[in-house]
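The opening residue of the sequence shown carries number -11 in this note's numbering; numbering runs sequentially from there.
First comes the structure, then the notes that go with it.
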Amino acid sequence: MLSVTDKIRIETVARKIGLWSKLHWLRIVFILLASIVVEQIATLPFGAVNDLARKNPDKTAFMVQHAIEAKLEGKRFKVSQKWIALKEIPRDVVNAVIVSEDGTFWAHHGFDWYELKESIGRDIEEGRAARGASTITQQLVKNLYLSPSKNPLRKLKEWTLTWWMEQKLSKSRILEIYLNVIEWGDGVYGIEAASQYHFGKSVTLLSKEEAARLAAIIPDPTDHMAGSDSPYVVRRSALILDRMEARGY
């Protein structure tokens, strides 16, 4: 049983701790938040990114998420994907995707700061997330390891892994993986499966116009068919072709 002296000592210490906490609550909050951030960063799949230099990825985070969503809805989910080397993909297809999704891909180091500034300005002006600024590397990181959510912690993970991926992989390898894993339809992943699904032929046989149409639906692949004449596909593919021509592609 505690003595009166011990009880007084404990109460005194408790009061001091309580007083310190009130005076330094902001510091406590900062320490807790910093600890969470450090823990989240420390557990990122840096090793898995390193392995991509010599090994193709298996299932992506987006594939897993889509499979879970389909199961919850009682739907059958089947992945259609066929890996193809970058050197076998026609230059028109590669160029169409680059001008559509990341015009400065070959020049930047993972982040397009100009586009990011423009995106922030547009978001503030419209009061919503109106314009995307993710590079191909950022999109690949998100597809492989993260979720579509837009919370600040997820964005910090994306930026950290984007920086790491740009250090460990060549631009050609990043582009090759990207073209083979991104979604191009319900359960359709990668450019070869996309070409078969939308046009009934291998990507090696695509025309420049068909390449532009496939690139056009990347932002919203489950709501659009590349071969359709919907206003969105017609307008966006024409814009991509104009950009390609302006660059001499």
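All residues carry an ideal CB built from backbone N, CA and C; glycine is no exception.
Pairing K145 with L32 gives a Cβ-Cβ distance under 8 Å. Contact between the region 153 to 162 and the region 87 to 104 is present, with at least three C-beta pairs closer than 8 Å. Look at E171 here: in three-state DSSP terms it is strand. The way I'd put it, the region 71 to 84 does touch the region 188 to 196; three or more beta-carbon pairs between them come closer than 8 Å. A30 sits away from A199, with the two beta carbons spaced by 8 Å or more. Classified as buried, S122 has 16 or more neighbouring CB atoms from the shown chains inside 10 Å of its CB.
Here N139 is exposed. Its C-beta has fewer than 16 other C-beta atoms within 10 Å. Between the alpha carbons of T48 and N131 lies a distance of about 6 Å. Residue range 196 to 204 is occupied by the alpha helix (DSSP H) that includes R201. Excluding residues up to 5 positions away in sequence, N44, Q69, W71, I72, Y177, G178, I179, E180 lie with their Cβ nearer than 8 Å to the Cβ of N168 in the same chain.
By the neighbour-count criterion, in which 16 or more other beta carbons inside 10 Å mark a residue as buried, D46 falls on the exposed side. If you draw a straight line from the Cα of K196 to the Cα of I86, it comes to about 13 Å.
Cβ-Cβ distances below 6 Å link H97 to E154 in the same chain, with the five nearest sequence neighbours on each side left out; the list follows chain order. Assigned with DSSP and collapsed to three states, V82 falls in helix. Sorting N38, K63, S135 by C-alpha distance to the C-alpha of V52 places S135 at the top.
Where K59 is concerned, the enclosing alpha helix (DSSP H) starts and stops at 49 to 60.
Counting along the chain, R231 sits inside the alpha helix (DSSP H) bounded by residues 219 to 234. One alpha carbon belongs to R235, the other to I206, and they sit about 21 Å apart.
Counting the other Cβ atoms within 10 Å of the Cβ of S183 gives 16 or more, which makes it buried. No Cβ-Cβ contact shorter than 8 Å links I124 with L149. For the 8 Å CB-CB criterion, V222 and H212 do not form a contact. Setting aside the 5 residues that flank it on each side, S88 is surrounded in the same chain by A203, I228, each with a C-beta closer than 6 Å to its C-beta; the list follows chain order. Among the bridge pairs identified by DSSP, V176 is matched with S68, G173.
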